[in-house]
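Structure follows, in structure tokens:
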């Protein structure tokens with residue numbers, strides 16, 4: 467799935483009216499189903515989701531504010547951001563002042579529509595450009611929100627690509643934001659591309675893709691999959707991957723999990739190749755669903771890959787976070803980095819030498835240059851020697867790559883060769 | 467107890483003739499009793515004190531050196547430093563040369579009287595300014611020391627302010643120096659102020675104040691309180707807190723005990739607020755009673771707070787260490803730092819989250835801003851999120867403060883709020 | 467054994483035709499026997515040596531290449547390097563082109579003879595200066611190698627100097643190189659000097675000296691001495707110690723073993739005394755027999771002391787590595803550093819205080835300055851205080867030297883004094 471296809475997917479999903487529940491999410495997941503066999507899981511209202519409870523399902527059909535002349539001065543049909551998420555139905559007439567108590571705008575960016583929600587406290591409201599709000603004359607207004615907030619379901623998407631072993635990797639994106647492109651159609655598109663490209667490949671570890679409403683969605687998955695959390699040896703949340711900033715990797719809570727070390731190495735390798743600088747930041751308890759996966763009871767080693775950080779770019783949670791923020795090249799770069807991180811995690815393993823008493827005789831097995839006395843060995847042989855020397859069962863390929871300062875791929879190739887010759891196996 | 471009161475206390479104690487035993491110490495402890503209910507503990511001569519034995523009690527009444535003309539050229543009445551501590555009684559006539567073998571002076575500071583002792587080896591001597599010594603004519607002298615060195619007691623003071631738990635904090639000062647102001651009337655005054663200010667406060671941990679003759683006094687306490695040593699979760703010796711140098715904290719033997727981390731943070735916070743630079747130094751086996759508390763068999767995590775270091779300031783152990791070295795402001799600063807260190811240790815605790823599966827729903831408990839989608843959370847909420855994320859039972863509030871780089875007080879406030887809402891408890 | 471004697475030993479050994487087996491090694495070991503009672507161990511062909519098998523014994527008597535005029539253009543009698551090690555017997559006539567397939571030379575250094583081997587793959591060949599090879603006319607050549615490759619033995623030398631305890635130190639040098647001076651007659655000479663100087667000394671730890679053919683020799687020793695490997699608390703391989711480069715210490719696999727810390731300190735002390743800079747490098751799985759001793763199944767803490775690194779100096783494995791590379795002073799310096807490293811390891815020990823409750827009363831035992839109240843204590847006393855303070859049984863003298871930043875010798879002297887006075891013992 468190339469960048470143009472990722473961009474087309476983002477464009478297709480952009481108009482849908484998503485929230486943490488409702489048909490917008492369902493429609494989004496169905497669209498993803500055209501690329502990968504994403505299963506849609508429906509969790510009934512009232513179901514436990516760890517410390518939380520699945521809320522009522524919210525669906526929004528029509529909403530507007532009419533001036534006294536009958537003109538629709540604000541209309542859901544123009545932007546999914548116009549209506550505060552989880553607004554209750556309303557149809558009444560109000561004075562300008564009464565209306566204003568239900569309006570949200572951004573004074574610093576008077577032409578942008580903010581995005582607001584009131585998931586867990588009943589209310590209603592409209593979002594609009596501050597310039598427009600300021601210009602609303604002092605007259606009577608008619609407000610109309612045709613929404614339902616009723617028992618229903620929370621929907622999330624799940625796709626599992628099995629591996630040869632029980633352990634698995636996790637890729638999770640939030641799917642609850644309406645017409646916001648960077649946050650997080652970019653993450654949805656990259657995850658979809660990664661899944662479609664991994665689908666046909668042989669792999670050691672399973673890879674699980676989750677498309678979840680933020681917080682409540684990952685908690686709902688965790689509630690129903692507690693026994694799986696221990697199998698996850700590494701993972702990523704993907705968010706804000708289309709804007710012009712360089713890549714940033716946010717570490718897991720552990721800070722030195724394999725995924726953290728692999729992400730660091732992958733990004734450093736790219737920098738060394740002149741493919742752009744990136745940033746590593748420590749875990750902090752704000753952001754996206756990595757907070758839930760890393761919670762004390764689960765401690766899944768899940769980091770987060772992003773460009774701009776949530777809340778740290780001007781267009782964040784506003785109508786300015788539109789499709790123009792994304793680029794084909796940046797989505798592809800993010801996809802490649804995710805594939806490389808997952809790929810290294812898949813090849814990584816703890817191992818032990820099966821000939822730990824000194825250096826085994828490689829020559830007898832046909833994997834040593836026969837004529838002794840020469841200069842430095844070739845890289846593959848050197849990688850084999852490092853692996854054998856470290857092979858006490860406590861080291862992973864990643865450990866050896868770090869200690870030897872050799873490329874991970876070279877270490878992994880050497881490990882495969884040694885395994886073929888029965889000189890190492892998994893520890 | 468403010469700085470002026472601390473200064474007045476130092477002035478009152480200054481003339482007393484203290485040593486490691488004797489009435490000078492008793493009188494000092496009785497004076498402290500006017501501020502706090504300090505218990506005076508009397509340990510008989512010959513009692514074991516860990517590897518040591520409590521020595522005979524020494525009391526000095528009168529002492530002088532007379533010239534052939536009958537003039538007292540050196541007189542105890544002028545300075546408690548004139549007589550070598552633990553001098554045995556003497557009354558004889560000597561030549562100038564014979565006398566000189568019993569004299570001590572400081573050539574580099576010809577007008578200062580040094581302070582010398584001979585606790586554990588019998589002898590006698592006089593200390594005097596080097597200029598005076600050099601000018602003594604070659605004639606016969608009469609020396610007289612009316613002292614007693616007899617079975618009696620070693621006296622130390624103890625004050626315990628109980629807390630709600632069995633663990634306790636320790637504050638220890640040495641009280642064996644005669645008319646030396648910085649070393650250690652300053653420490654005695656600060657400890658007295660801290661005790662008087664803590665007396666009325668609610669606290670979690672007990673606080674024990676010890677007023678002990680150096681080395682032998684703390685060893686006598688340890689001998690009689692072995693079972694208590696394990697309850698001490700942190701402590702300080704206080705010494706040389708009145709001079710003009712910045713504050714120095716000497717770490718406990720462990721080096722990274724809670725008290726070390728708290729002291730470092732408190733001093734760093736003061737520097738960040740422009741309240742002056744300070745220094746952190748590693749433990750070394752010289753100094754004051756922290757050496758005994760940190761001994762291998764006890765390993766009580768006791769650091770030391772000081773300004774100038776023992777032996778590292780010109781006036782050290784001489785008559786120049788007089789009351790002019792102290793200032794009201796510096797005593798108050800030291801008092802405040804000690805209170806802050808003890809206060810943070812008192813609030814610190816290991817804890818665990820009672821809702822460890824993901825982030826608990828703060829909104830349901832009324833402690834979350836209800837309207838989602840906004841910018842960075844307020845500091846209190848951020849502190850709560852850090853606490854909940856770290857709440858696997860292995861973290862203390864101090865750990866969370868360090869990891870989050872948030873002020874300890876903010877973390878502790880958030881912890882109190884979470885505890886009120888049954889979201890965390892002590893682990 | 468002084469530098470001149472070491473140099474004379476190297477000169478005597480230089481002409482011998484050594485390989486991994488054969489009479490050249492035997493003659494070498496017999497020569498060492500004149501200095502120290504080195505036992506010659508004979509391991510039969512076909513014996514297991516960990517993952518390897520002892521090869522057939524190779525002995526070379528005569529070898530040459532004759533031009534069509536009957537002139538010996540290459541002759542073993544001129545240099546032991548002329549014949550590829552482990553060449554099979556041959557006597558035939560070849561064209562210039564056929565001959566060339568069996569020739570080895572170094573184009574970058576046209577006047578040097580390279581050193582080549584074919585231990586584990588049958589073949590034969592000659593090594594010669596590139597200039598000579600290039601000038602060989604296109605005619606018929608007669609080649610003759612009178613060698614035997616038959617069942618026999620691998621020979622290695624072993625010398626054990628017992629200590630008072632079961633633990634031991636290891637010094638290992640490779641003895642398989644023919645007329646190469648720096649690599650490794652220098653190591654052989656230094657090891658011989660060290661052994662002869664240690665022979666008469668009292669010591670705590672045994673010291674084992676191995677003189678082994680590279681790789682296969684140390685593996686043969688390991689195969690027969692598995693139960694001893696656990697007793698080795700530190701060791702060194704010695705190699706390339708005569709050339710003009712500064713000293714380099716290569717760490718053991720562990721990286722922070724006692725031998726690594728001692729070697730670091732010894733070299734730092736020399737630098738501080740202006741005796742020359744040195745380098746510390748991490749373990750890597752190339753070099754000499756330290757690879758075998760540090761293998762996963764053994765993990766003997768063996769580092770390596772050298773000047774130039776194998777493969778990193780121009781003359782490496784060529785006729786230019788001749789006796790002119792060595793100097794008396796550099797051999798003596800290396801000898802002294804090895805003696806110092808072994809000496810500190812011998813004195814080092816874990817210990818515990820026998821008076822761990824506070825600081826014991828040194829005065830009662832006559833090891834404290836009697837008059838209290840003075841300035842900083844003397845270094846010996848300070849070292850005693852450090853030892854007593856650290857004496858919880860988990861510290862070694864090396865730990866205390868590092869923590870106190872005092873010279874190891876001072877700490878060890880203080881430890882001996884404390885042990886005499888029954889204040890510490892081994893833990």
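Protein chains in written order, with our numbering: chain A, 467 to 893; chain B, 467 to 893; chain C, 467 to 893.
Just so it is clear, CB atoms sit at the ideal spot from N, CA and C, and this is done for glycine as well.
Predicted model, so just to flag it, every value in this text is computed and none were measured.
With a CB to CB cut of under 7 angstroms and the five nearest residues on each side skipped, what residues in its chain are close to residue 784 of chain C? 572, 575, 578, 579, 580 and 581
Taking residue 862 of chain B as part of the beta strand (DSSP E), name the residues at either end of that continuous run. 858 to 862
Under DSSP, the beta strand (DSSP E) around residue 772 of chain A begins and ends at which residues? 768 to 772
Looking at the unbroken alpha helix (DSSP H) that takes in residue 476 of chain C, where does it start and where does it end? 469 to 479
Hey, how far is the Cα of residue 890 of chain C from the Cα of residue 862 of chain B? 37 angstroms
Is residue 460 of chain C helix, strand or coil when you go by DSSP? With chain C represented from 467 up to 893, any question about residue 460 of chain C goes unanswered, as that position is not in the structure.
Identify every run of the alpha helix (DSSP H) within the segment 621 to 703 of chain B, keeping only runs that are complete inside it and at least 4 residues long; order them along the chain. 653 to 664, 682 to 690 and 692 to 695
Partner residues on chain B for residue 517 of chain A, Cβ-Cβ distance less than 7 angstroms: 821, 823, 824, 826 and 827
Contact between the segment 522 to 529 of chain A and the segment 606 to 623 of chain A: three or more CB pairs below 8 angstroms? Segments in contact, yes.
Beta-carbon proximity list for residue 599 of chain B, same chain, < 8 angstroms, skipping 5 on both sides: 566, 569 and 571
By the three-class DSSP mapping on this structure, what secondary structure does residue 592 of chain C have? Here residue 592 of chain C sits in strand by DSSP.
Taking DSSP as the reference, what is the three-state secondary structure of residue 711 of chain B? It is coil, neither helix nor strand.
Among B:874, B:786 and B:496, which one has its Cα closest to the Cα of residue 808 of chain B? B:874
Proximity to residue 559 of chain B [Cα-Cα], best of B:536, B:553 and B:595: Ranked by Cα distance from residue 559 of chain B, the options B:536, B:553 and B:595 are led by B:536.
Could you give the first and the last residue of the continuous alpha helix (DSSP H) run that contains residue 734 of chain B? For residue 734 of chain B, the uninterrupted alpha helix (DSSP H) run begins and ends at 724 to 738, by DSSP.
Could you give the DSSP three-state label for residue 613 of chain A: helix, strand or coil? strand
Could one say the Cβ of residue 832 of chain C lies closer than 8 angstroms to chain B's Cβ atoms, at least one of them? no
Reduced DSSP secondary structure (H/G/I, E/B, other) of residue 830 of chain B: The answer is helix: DSSP assigns residue 830 of chain B an H, G or I state.
State yes or no: is the beta carbon of residue 876 of chain A nearer than 8 angstroms to at least one beta carbon in chain C? Residue-level contact by beta carbon fails for residue 876 of chain A and chain C, as no gap is shorter than 8 angstroms.
Show which residues of chain A have a CB atom less than 7 angstroms away from the CB atom of residue 685 of chain C. The contacting residues are 824.
Between the Cα of residue 718 of chain B and the Cα atoms of B:821, B:702 and B:491, which residue gives the shortest distance? B:702
With residue 489 of chain C as the anchor, note down where its alpha helix (DSSP H) starts and where it stops. 489 to 498
Mind checking whether residue 722 of chain B and residue 864 of chain B have CB atoms under 8 angstroms apart? In this structure, residue 864 of chain B does not lie closer than 8 angstroms to residue 722 of chain B by Cβ.
Starting from the beta carbon of residue 763 of chain B, find every residue of chain C whose beta carbon is closer than 7 angstroms, and list them in chain order. 822 and 823
Kindly indicate which three-state DSSP category residue 540 of chain C falls into: helix, strand or coil? strand
Would you call the CB atoms of residue 773 of chain B and residue 709 of chain B closer than 8 angstroms? Cβ atoms of residue 773 of chain B and residue 709 of chain B: closer than 8 angstroms.
Under the rule that 16 or more other beta-carbon atoms within 10 Å means buried, what is residue 739 of chain A, buried or exposed? Counting of Cβ neighbours within 10 angstroms places residue 739 of chain A among the exposed residues, the total staying below 16.
Judging by CA-CA distance, which residue of A:596, A:815, A:648 and A:834 is the nearest neighbour of residue 877 of chain A? The candidate whose alpha carbon is nearest that of residue 877 of chain A is A:815.
Buried versus exposed call for residue 790 of chain C [16 or more other C-beta atoms within 10 Å across all chains shown]: exposed
For residue 538 of chain A, I'd like the list of residues in its chain whose CB is within less than 8 angstroms of its CB, leaving aside the five on either flank, ordered along the chain. Here the set comprises 530, 531 and 532.
Compute the distance between the beta-carbons of residue 823 of chain B and residue 761 of chain A, then report whether it is under 8 angstroms. yes
Report the three-state DSSP secondary structure of residue 807 of chain C (helix, strand or coil). helix
Please check if any C-beta of chain C sits within less than 8 angstroms of the C-beta of residue 842 of chain A. Low confidence applies here, because residue 842 of chain A scores a pLDDT of 41, under 50, leaving its location unreliable and the question unanswered by this model.
Does the distance from the C-beta atom of residue 642 of chain C to that of residue 520 of chain C stay below 8 angstroms? In terms of Cβ geometry, residue 642 of chain C and residue 520 of chain C do not form a close pair [threshold 8 angstroms].
Cβ shell of residue 458 of chain A (< 8 angstroms), same chain only, five flanking positions each side left out: Here chain A covers residues 467 to 893 and nothing more, so residue 458 of chain A does not appear.
Going by DSSP in three states, residue 518 of chain B sits in which element: helix, strand or coil? strand
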